[in-house]
Amino acid sequence: MNRVDIERIRRDFPILAQKINGRTLAYLDNAATTQKPQSVINAVKEYNRRFNGNPHRGIHHLGVEATRLYEAARMKVKNFINADSAQEIIFTKNATEALNLIAYAYGMTFLEPGDEIVITISEHHSNLVCWQQVAKAKGGVLKYLYLNDDYTLDWEEVERKITDQTKIVSIAQMSNVLGTIYPVQEIAAYAHTKGAVVVVDAAQSAAHMPSDVQVLDADFFVFSGHKMLGPMGIGVLYGKKELLEMMPPFLFGGDMIEYVAEQSASFAELPYKFEAGTPNVEGAVGLAAAIDYLNQIGFKQIQAREFELTRYALSKLAELPYVKVFGPTHLVKRGPVISFAVDGCHPHDTASILDHYGVAVRAGHHCAHPLMQFLNVPATSRASFFFYNTKAEIDDLIDGIKQVRRWLGYGS
Ligand code: 7TS
């Protein structure tokens, strides 16, 4: 991607041209949420201007149009992750709801006392607290895969922890704190030899690498629209059809039934069994437009650009002796998320001083308390990039960190 390309791309994202505190915004909080291109904004606007109706209900024109657009979005998601069938694509509110759906409808139904659930120590609370609940309710055991000193996963740890007792393995493909990319395909293959089902939390990875649920052989695969250029309030649960068919519904109500009598009900076929109530059609339409945008740029370009940005940022941060990076420094095993500490500066101070300079980073525990305990830090600052970021923005981050040190009374 040359300079002209990136300038053209940035023009697609009106929010990026804003001034914050008199300075051009450097938006480096893409792991929290990404910004929307004009095409996504337009698709949602157009849906509301011309097509809004309640899908699967009315037989009038707008109801039919809403149904058509909603189902077209499902088909687009199916192709995006190479699912076998659109019946395996369930729209949820976000990745969190999708993980809860699996925990309740699969975990609470099929786990038995003594069964084990395996996750990594770096999981986001969304992929952690729900498994604690399942383990508690069902008398199961929640086990953690711990990390090497270079923040990667040791294969021996995988073989030690995933055993014949393991029923569920649930792992983020990319850590939202460390940026580590875990070998989920290899883990899934190993877990399957032990008879476990494998959940892949792709909340961080879906926007940054191609997804193929059949190659991964994931049993479940979840992500959120808002972390991949789409709207908030729309997420995706993919599940293998035979598993989804075994599972009871998660929510009950309209649209998810086949027939209801006074004392009993039968349920709709997939995917509607898991989509009770009026869905977020404008969210699905926006997500479809986001997928079009990502495909149009292509993951080859996205990955090449993010690799370059991450390499540049890591090399610039390495020049600052008072900065410690938490995450792999070898690029092949990591995505564009860099957590760091500035010696002598609380992460919240770091983030608010950076904000003063127009640089948006996140500070805190990043919804990963057990990881913070493992790292032995209360919190970190985190810069996370997307293909629309520039090296100039990383320079702003580096200059900002130097200012943080000055503000807090350090010479350099
Ligand atoms: N899984 C991972 C790996 C995540 O990073 C997040 C959100 C979630 C699940 C939950 O996604 P949601 O859309 O349901 O909220 N991560 C972050 C973050 O790092 N900063 O803000 C949200």
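Numbering (my numbering), first residue to last: 4 to 415.
Positions of the beta carbon are idealized from the N, C-alpha and C atoms, including for glycine.
Model, not experiment: these values are computed from the prediction.
Per DSSP, what kind of secondary structure is GLY238 in: helix, strand or coil?
strand
Could you check if LYS303 belongs to the surroundings of the ligand 7TS, using beta carbon to heavy atom distance under 7 Å?
no
Can you tell me which of the three DSSP states CYS370 falls into?
coil
Compute the minimum distance between the beta carbon of HIS368 and the heavy atoms of the ligand 7TS, and state whether it is under 7 Å.
no
Report, in whole angstroms, the separation of the C-beta atoms of ASN130 and PHE389, which I expect to be a contact under 8 Å.
Not really, about 22 Å apart at Cβ, beyond 8 Å.
Would you kindly check if the distance between the Cβ of TYR241 and the Cβ of GLU91 is under 8 Å?
yes
For GLY257, I'd like the list of residues in its chain whose CB is within less than 7 Å of its CB, leaving aside the five on either flank, ordered along the chain.
ALA279 and GLY280
List the DSSP bridge partners of MET177.
ILE184
Keeping to the same chain, check which residues put their C-beta closer than 8 Å to that of VAL407; ignore five residues upstream and five downstream.
VAL345, CYS348, ASP352, THR353, ILE356 and LEU357
Residues in its own chain within less than 6 Å of ASP167 by CB, not counting five upstream and five downstream?
LYS197
Alpha helix (DSSP H) containing LEU357: first to last residue?
350-359
Quick check on this structure: which residue in TYR154, LEU181, LEU145 and MET177 has the alpha carbon closest to the alpha carbon of LYS164?
LEU145
For THR123, name the three-state secondary structure that DSSP assigns.
strand
Per-residue DSSP class, three states only, for VAL380
coil
Are THR169 and VAL121 close, meaning C-beta to C-beta below 8 Å?
yes
Could you give the distance in angstroms between the alpha-carbon of ASP398 and the alpha-carbon of PHE83?
34 Å
At which residue ranges does the segment 270-353 contain complete beta strand (DSSP E) runs of 3 or more residues, listed in the order of the chain?
326-329 and 340-345
Check whether the Cβ of GLN207 sits closer than 7 Å to any heavy atom of the ligand 7TS, and report yes or no.
yes
In the DSSP assignment, what residue or residues form a beta bridge with TYR30?
ALA363
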